[in-house]
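Okay, structure first, notes after.
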Amino acid sequence: MRLKPRTGLAALVVAGTALLAGAAPALADGGTPTPGATIADQSATPAPTEAGGDASPVPAPADATTAPSAVPSQVGVVPRGGADTGVEEPSEGHGGLIGGSAAAVFAAAGTGFYVVRRRRATGA
Amino acid sequence: MSPLSRRALILSALAAPLVAGCAGDPADPAAPGDVARTPDTSAAPSVRAARPLARSVPVGLRIPAIGVDTPVMRLGLAADGTVGVPPVEEHDRAGWYENSPTPGQTGPSVILAHVTVGTYGDGVFRHLDRLRRGDRIRARLENGTTAEFAVTEVTTVDKAEFPTEKVYGNVDRPELRLITCGGPRAGDGYRDNVIVFAALTPAGER
Numbered sequence: 002m003r004l005k006p007r008t009g010l011a012a013l014v015v016a017g018t019a020l021l022a023g024a025a026p027a028l029a030d031g032g033t034p035t036p037g038a039t040i041a042d043q044s045a046t047p048a049p050t051e052a053g054g055d056a057s058p059v060p061a062p063a064d065a066t067t068a069p070s071a072v073p074s075q076v077g078v079v080p081r082g083g084a085d086t087g088v089e090e091p092s093e094g095h096g097g098l099i100g101g102s103a104a105a106v107f108a109a110a111g112t113g114f115y116v117v118r119r120r121r122a123t124g125a
Numbered sequence: 749m750s751p752l753s754r755r756a757l758i759l760s761a762l763a764a765p766l767v768a769g770c771a772g773d774p775a776d777p778a779a780p781g782d783v784a785r786t787p788d789t790s791a792a793p794s795v796r797a798a799r800p801l802a803r804s805v806p807v808g809l810r811i812p813a814i815g816v817d818t819p820v821m822r823l824g825l826a827a828d829g830t831v832g833v834p835p836v837e838e839h840d841r842a843g844w845y846e847n848s849p850t851p852g853q854t855g856p857s858v859i860l861a862h863v864t865v866g867t868y869g870d871g872v873f874r875h876l877d878r879l880r881r882g883d884r885i886r887a888r889l890e891n892g893t894t895a896e897f898a899v900t901e902v903t904t905v906d907k908a909e910f911p912t913e914k915v916y917g918n919v920d921r922p923e924l925r926l927i928t929c930g931g932p933r934a935g936d937g938y939r940d941n942v943i944v945f946a947a948l949t950p951a952g953e954r
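This is the structure we're talking about:
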């Protein structure tokens with residue numbers, strides 16, 4: 002007589018639990034999209050205030066991987082353009098031309114002087 | 749329904765979603781796809797040719813293949829932002845760009861010298877373009893040691909297209925750059941720059 006209501010209750014509890022347990026997979030399914038949501042969270046990591054535990058570990062390795070690209074330059078100040086390491090010898094080209102023409106002038110003058118002297122000497 | 753049975757029912761109802769929630773979480777941490785990127789950076793560093801040397805300013809330079817044996821002075825930047833060059837004088841010498849690493853340190857150490865020095869004739873690096881891959885270059889350092897390098901590349905480039913990044917950019921081992929002028933004469937100077945790239949030999953410090 003005493004057992005009857007308890008058995009009924011127990012049956013009810015078991016039935017209720019079974020029902021809820023059956024619903025659990027459905028809830029889990031509903032939860033599966035969560036990974037998508039977390040991925041979105043990661044991409045939107047700029048606001049890590051909410052899930053501090055989850056968000057902070059993710060950006061940390063990301064930072065670690067990008068850090069090497071920000072390595073300081075091994076050359077303190079990089080110069081502009083190439084190096085001016087060739088001072089030419091005084092322009093031989095022009096000097097040669099000047100020298101050559103001067104020699105031609107002297108040669109012409111010498112020839113003229115010789116001809117005049119020769120003519121005078123012969124009394125022409 | 750007795751109060752006891754009601755409590756039992758409520759408790760079981762609350763417990764079920766909790767179990768479901770815990771099962772869902774392990775799926776979330778599956779996100780650590782990012783962590784897999786970490787090895788990429790560790791794979792980047794290439795094989796090192798030689799162990800880097802301690803910082804010590806270069807005081808001399810010897811290149812047996814082209815008969816160079818010269819003291820080395822320090823050079824800074826010119827007023828126009830280009831690299832400084834040694835003075836034009838009879839006893840021409842090479843110069844180390846003081847904002848670059850010293851020879852043997854990790855990074856591109858830069859040494860420059862003239863190809864010609866006006867009325868004084870040939871400069872220290874007159875025959876720099878004759879260097880070939882494997883030729884040795886020895887930099888005497890202030891601390892009494894010598895850093896030995898082997899030529900890896902010799903190139904002549906138009907000054908207008910100077911490869912700044914290749915010459916002054918970061919590298920993962922001790923390297924040396926020798927720079928002078930070259931190519932045809934254009935107006936008041938030379939059109940090109942001759943650049944020699946060299947790496948510290950495994951012998952390194954001698």
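Protein chains in written order, with our numbering: chain A, 2 to 125; chain B, 749 to 954.
By construction, the Cβ of each residue, glycine as well, lies at the ideal position given by its N, Cα and C atoms.
Check: Does any residue of chain B have a CB that is nearer than 8 Å to the CB of Gly100 (chain A)?; Outcome: Caution is warranted here: a pLDDT of 37 is assigned to Gly100 (chain A), below 50, making its placement in the model unreliable, and the coordinate value is therefore given only provisionally. Judged by the 8 Å Cβ criterion, Gly100 (chain A) is not in contact with chain B.
Check: The alpha helix (DSSP H) that contains Glu913 (chain B), what's its start and end?; Outcome: Thr912 to Tyr916
Check: Using the beta-carbon of each residue, which ones in chain A are nearer than 8 Å to Leu860 (chain B)?; Outcome: Ala84 and Thr86
Check: Run through DSSP, which three-state label would Gly871 (chain B) get?; Outcome: coil
Check: When burial is assigned at 16 or more other CB atoms within 10 Å of the CB, is Pro851 (chain B) buried or exposed?; Outcome: buried
Check: What separation, rounded to the nearest whole angstrom, lies between the Cα atoms of Asp817 (chain B) and Leu860 (chain B)?; Outcome: 14 Å
Check: I think Gly82 (chain A) touches Lys907 (chain B), with their Cβ atoms under 8 Å apart; what is that distance to the nearest whole Å?; Outcome: 7 Å
Check: Which term fits Arg881 (chain B), buried or exposed, when burial requires 16 or more other beta carbons within 10 angstroms of its beta carbon?; Outcome: exposed
Check: Applying the 10 Å Cβ sphere with the 16-neighbour rule, what's the burial state of Val915 (chain B)?; Outcome: buried
Check: Pick from B:Arg888, B:Ala951, B:Pro911 and B:Asp940: whose alpha carbon is nearest that of Val863 (chain B)?; Outcome: B:Asp940
Check: For the region 858-883 of chain B, list every residue whose C-beta sits within 8 Å of some C-beta in chain A, in sequence order.; Outcome: Val858, Leu860, Ala861, His862, Val863, Thr864, Val865, Gly866, Thr867, Gly869, Gly871 and Phe873
Check: Suppose you measure from the CA of Asn891 (chain B) to the CA of Val807 (chain B); what does that come to, to the nearest Å?; Outcome: 9 Å
Check: Could you name the residues of chain A that Phe910 (chain B) contacts, counting a contact when the two beta carbons are closer than 7 Å?; Outcome: Gly82 and Gly83
Check: By Cβ distance, which residues of its chain are closer than 6 Å to Ala951 (chain B), with the 5 residues on each side in sequence left out?; Outcome: Glu896
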